[in-house]
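Top to bottom, those sequences are chains A and B. Okay, so the first sequence: first residue is 1 according to my numbering, each after it adds one. Okay, so the second sequence: first residue is 230 according to my numbering, each after it adds one.
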Amino acid sequence: MFNVDELKLRRRSWVKIAAIPYNRQGWEFKDCTGVISSDVEIIKEWVSTVESGKVIKSKGQTSCGQGLMLYGEPGHGKTTLALVILQDILRRFPYEAFSPEANKTLVRPCYFLTFSALLDLRGALMEDPTDEEQSLFAGILGESVDDAYNIRVLVIDDVGKEHMSGSGWQKTMLHHVLRTRFNNGLPTIVTSNIPLEAWGAVYGPATESFAREAFVPIALKSPKGDLRK
Amino acid sequence: MGHWQIGRHSALKALKELRELGYIELKTQKIGASIVKKNYLTVLGSDRLTAELLLPLVVQNSNNSVFANSLISKPDTPTESVEEFQTINIEVDSMGYEFFEKQSSIDDDEVLKARQKTQDSKKAEYEEAKAKNHKKRLSRHSVSADKWTCTDVGYEFADRIYRVWSIKPWSVTNSRFIPALASLRKKHDTNGAVELAILDLFFGSIDFEKYDDAEHLWKLFVTRFPSYVLQAKSSMISTEESDEELRLKEKALARLRGNV
């Protein structure tokens, strides 16, 4: 583990503003003991690719905007790994790896939220949104006019746990957010209890097909079973 | 007063004649949920009955029926002992076939009891037939859940609410529940296994103290159905990676490495 308070001021503020739960702040890959090492290796490879500048806003690259999809049963370390990845990026990445515009200071390079919270945020925008809410949602989509607010790496946790209405609005929102971020060259990390091959049945064939292109799927299955038990 | 024949028509004619003479009067009254018409003996009729019918019976110590035509048509034979008898109200009973069937029953309570008994008997036969029909549906358990029809799922739902609240299963299966379920199945692309998982989620989430009405329960289930579909579908999916998934994962990694 590392001590968040010992980080430099800018990186410390990034960690603080990324909405990382307190109980996972300071976690590193070596703290994830219950996860299969080959899965961690793939994740590290993805992190390295992002660090090398081939993912975030990398024009013409096949890996541009490609994210990670961590799926599996509850308690197998999906959310923990996603939070470790975010903190690894915030703690180690050189400033240039985030592809900032010239002379711009990044406000929120990484962010963590559940899909239900994202839907709530979108719902709040329909009523009387605050500037903060509008700025955050634009940053999530990667469409903020001020590039400093565009979130470079976003974690959407617990996809598949949301309340599904008869209209299918939630499905549309998921596709919209993921597609917009991908088109803007911004990678997303998704954690879900729904395997990628089942996304067609749950979110529709178009979303599954798109997810095949936009994510590296990793089926997490801890040898120790449910790590919470 | 004419000489009466045997038969329904003759009896009706006789009663009409008695009414015209003022010996009986027709009254309409409510018994339970039904309205019936009954003939009652008037004071005049009672006096005439006493004088003409009952007294000679006592005198003759006869066991013959009080309604025997031969006795009614007898000529007046009043005696001095007429005052010794009290006037009684004899109910002639309702008309129609019941008149003949229940001619001996002049007590309202007995009529009601008999009617209630018949109703109870019919209800028991109905419930027995329904239960027998319901048992036939238990054969669904020999088929895998994913092949269950909407009717099978409907019966499963009915069985479960019967186990919890003792609500009669056919109060659900005879309702619009099964057509509603068929509509949901079409809309959300589910099958019996998914719907069974939804049933588990539904019954795992409701407050058993709060609900006890069959219609309320199935309507609640229909309302909540869409919110459980996702969870139910995902709970049925294996997380094991197939060969095809491994191939697609390699392809995604190749894209990440720029090898595509």
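We put the CB at the ideal spot given by N, CA and C, even for glycine.
- For I42 (chain A), the closest C-alpha among the options A:R228, A:P223, A:F215 is that of A:F215.
- Among the residues facing chain B, G200 (chain A) is not included, as its CB has no counterpart in that chain under 8 Å away.
- Within chain B, the C-beta atoms nearer than 8 Å to that of P217 (chain A) come from E474, L477, K478, A481, in chain order.
- When secondary structure is reduced to three states using DSSP, M69 (chain A) falls in the strand class.
- Within the segment 182–213 of chain A, the residues whose Cβ lies closer than 7 Å to some Cβ of chain B are N193, I194, P195, E197, A198, A201, V202, R212, listed in chain order.
- For P455 (chain B), the neighbours in chain A by C-beta distance under 7 Å run, in chain order, M164, S165, G166.
- Counting along the chain, the unbroken alpha helix (DSSP H) around P455 (chain B) starts and ends at 443–464.
- Check the Cα spacing between L118 (chain A) and each of A:D226, A:K16, A:V155, A:G168: the tightest is with A:V155.
- Distances from the alpha-carbon of E101 (chain A) to those of A:F115, A:T62, A:D120, A:V145 put A:V145 closest.
- When DSSP states are grouped into helix, strand and coil, K57 (chain A) belongs to the coil group.
- Residue contact check for Q134 (chain A) against chain B: no CB pair falls below 8 Å.
- DSSP, read as helix, strand or coil, puts K224 (chain A) in coil.
- In the DSSP annotation of this structure, the continuous segment of the alpha helix (DSSP H) that includes N183 (chain A) starts and ends at 169–183.
- L255 (chain B) and I264 (chain B) have their C-alpha atoms some 13 Å from each other.
- Interface with chain B (8 Å Cβ-Cβ cutoff): T49 (chain A) is included.
- Not a single C-beta of chain A is nearer than 8 Å to the C-beta of L449 (chain B).
- Taking the Cα positions, F137 (chain A) is about 19 Å away from I56 (chain A).
- The distance from the Cβ of S192 (chain A) to that of Y71 (chain A) is about 5 Å, consistent with a contact at the 8 Å cut-off.
- For D472 (chain B), the uninterrupted alpha helix (DSSP H) run begins and ends at 472–486, by DSSP.
- Contact note: T62 (chain A) reaches chain B through R484, G487, V489, using a C-beta cutoff of 7 Å and chain order.
- Inter-segment contact for the segment 83–94 of chain A and the segment 17–35 of chain A is present: three or more beta-carbon pairs are separated by less than 8 Å.
- In this model, N420 (chain B) and V458 (chain B) are separated by some 11 Å (Cα to Cα).
- Nearest to L81 (chain A) by C-alpha distance, out of A:V47, A:Q66, A:T62, A:G142, is A:V47.
- In this structure, the alpha-carbon of E249 (chain B) lies about 12 Å from that of T271 (chain B).
- Residue contact with chain A for S463 (chain B): present (Cβ-Cβ distance below 8 Å to some residue of chain A).
- Between the alpha carbons of D338 (chain B) and R344 (chain B) lies a gap of roughly 10 Å.
- For D429 (chain B), the closest alpha carbon among the candidates B:Q460, B:H238, B:T378, B:Y269 is that of B:Q460.
- Just so you know, the alpha carbons of T105 (chain A) and A148 (chain A) end up roughly 6 Å apart.
- The Cβ atoms of V393 (chain B) and F437 (chain B) sit closer than 8 Å to each other.
- Taking C-alpha positions only, M69 (chain A) is separated from F93 (chain A) by approximately 21 Å.
- Here DSSP, grouped into helix, strand and coil, assigns F93 (chain A) to coil.
- With contacts defined by Cβ atoms closer than 8 Å, I189 (chain A) and V159 (chain A) do not form a contacting pair.
- Closest in alpha carbon position to K267 (chain B), among B:L244, B:K376, B:K359, is B:L244.
- Your pair G274 (chain B) and I260 (chain B) does not check out as a contact, with CB atoms roughly 23 Å apart and the cut at 8 Å.
- For H417 (chain B), same chain residues with a beta-carbon under 6 Å away, outside a window of 5 residues either side, are V458 in chain order.
- A contact between stretches requires three or more CB pairs, one per stretch, nearer than 8 Å, and the segment 198–210 of chain A fails this requirement with the segment 469–486 of chain B.
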